[in-house]
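Here is the structure we will look at, set down as structure tokens.
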Amino acid sequence: MIFDWPEVLAPQDVAVLPPRKTVGLTTSLTEFTQAVPAIRPPFGLKLPFGNLFGDEVKAWRAMMALFEGRANQVRVPLFDLWHRAKDNVIGAHLVPWSDGATFSDGAMHLADDLEGVIVSGVQGQRTITADFGQYGQLLEAGLYFGLGEHPYIARRVWWEGSVARIECTPTLRTAYADEPLKLKPTMIAGLVDDDQGELMLRRARYGAPMLELVERFDVLLP
66 MIFDWPEVLA PQDVAVLPPR KTVGLTTSLT EFTQAVPAIR PPFGLKLPFG NLFGDEVKAW
126 RAMMALFEGR ANQVRVPLFD LWHRAKDNVI GAHLVPWSDG ATFSDGAMHL ADDLEGVIVS
186 GVQGQRTITA DFGQYGQLLE AGLYFGLGEH PYIARRVWWE GSVARIECTP TLRTAYADEP
246 LKLKPTMIAG LVDDDQGELM LRRARYGAPM LELVERFDVL LP
């Protein structure tokens, strides 16, 4: 099961761990070291929280009950509020549904991310192109972006007018055909172990938990 991150919960600090190509560095008696290659390296998130009170405590407990250890996953934003194209640049705007339809009275729904910026590519591809059109040159190296439920980091970006050539990490997780590019990426993540998420309440009233998450692929990729 995949559930959405509770809006009432905002971490005090955020550490986004980019995909690492190696895991488990070991050292032998002769000081020889060897790392094991990671076939599908995941993103990680470390989220320390300030003191949670009242409804925040209840939201935390409900979220941990939804996880059921490592059985279920959460759709979590990367909480990258300051180091991304700002909301006023992305522009909250009214748009129709993907097929051009509107509500019965002609009204449209509010979008808070890019519209019409699409990407196509094959699994394993490192460099992609996207035409940002009227948005202009928004994406910079070091910013996160999303394709579907997969987050990526722009390593390098070259611009020709409004068209960006983007070198990304990781390589494309899967094949995409006209996939919308998002500047507010989310990822599907799970607990790193079954004992994550302990909330110790001081005086049985408030507490400051810590959560560590890792990107999960088992519900998204073959």
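Just so you know, we're using my numbering here: the sequence shown kicks off at 66 and counts up by one. Heads up, the beta-carbon is just placed ideally off N, CA and C, and yes, glycines get one too.
For residue i, which of helix, strand or coil comes out of DSSP?
i      : result
Val122 : helix
Leu286 : With a pLDDT of 46 at Leu286, under the threshold of 50, the predicted position of this residue should be treated as unreliable, though the coordinate-derived value follows. The answer is coil: DSSP assigns Leu286 none of H, G, I, E or B.
Thr167 : The pLDDT assigned to Thr167 is 43, lower than 50, so where the model puts this residue is not dependable, and the model offers no usable value.
Ala23  : Nothing can be reported for residue 23: it is not among the residues displayed for the chain, which extend from 66 to 287.
Ala130 : helix
Gly201 : coil
Arg270 : coil
Leu74  : coil
Pro106 : coil
Ala254 : strand
His158 : Low local confidence applies: a pLDDT of 42 at His158 is under 50, so the model's placement there is unreliable, with the coordinate-based value given in what follows. Looking at His158 - three-state DSSP - the assignment turns out to be strand.
Bridge partners for residue i per DSSP, in chain order?
i      : result
Asp260 : Bridge partners of Asp260: none, in fact.
Glu232 : Thr192, Arg221
Lys249 : None, per the DSSP bridge assignment.
His237 : Residue 237 is actually Leu in this sequence, not His. According to DSSP, Leu237 bridges with nothing at all.
Locate the beta strand (DSSP E) running through residue i, then write down its first and last residues.
i      : result
Met227 : As written in the sequence, residue 227 is Ser, which differs from the Met given in the question. Where Ser227 is concerned, there is no enclosing beta strand (DSSP E), given that its DSSP letter is neither H nor E.
Pro113 : 109 to 113
Asp69  : 67 to 69
Glu280 : 275 to 280
Phe210 : 209 to 212
Pro142 : 138 to 142
Ala80  : 80 to 82
Gly181 : Here Gly181 belongs to no beta strand (DSSP E), and DSSP marks it neither H nor E.
How long is the line joining the alpha carbons of residue i and residue j, rounded to whole angstroms?
i      : j      : result
Tyr271 : Asn137 : 26 Å
Leu82  : Ile218 : 11 Å
Ser228 : Gln202 : For the record, residue 228 in the displayed sequence is Val; it is not Ser. Approximately 8 Å between the Cα atoms of the pair.
Pro106 : Pro235 : 8 Å
Arg135 : Gly255 : 6 Å
Thr192 : Leu131 : 37 Å
Ala195 : Val122 : 42 Å
Open item on the list: Three Cβ pairs or more, each shorter than 8 Å: is that satisfied between the stretch 69 to 84 and the stretch 219 to 230?
Closed with: Segments in contact, no.
TODO: Taking 8 Å as the threshold, find out whether the stretch 115 to 123 comes into contact with the stretch 262 to 270 through three or more Cβ pairs.
DONE: At 8 Å Cβ cutoff, the stretches touch.
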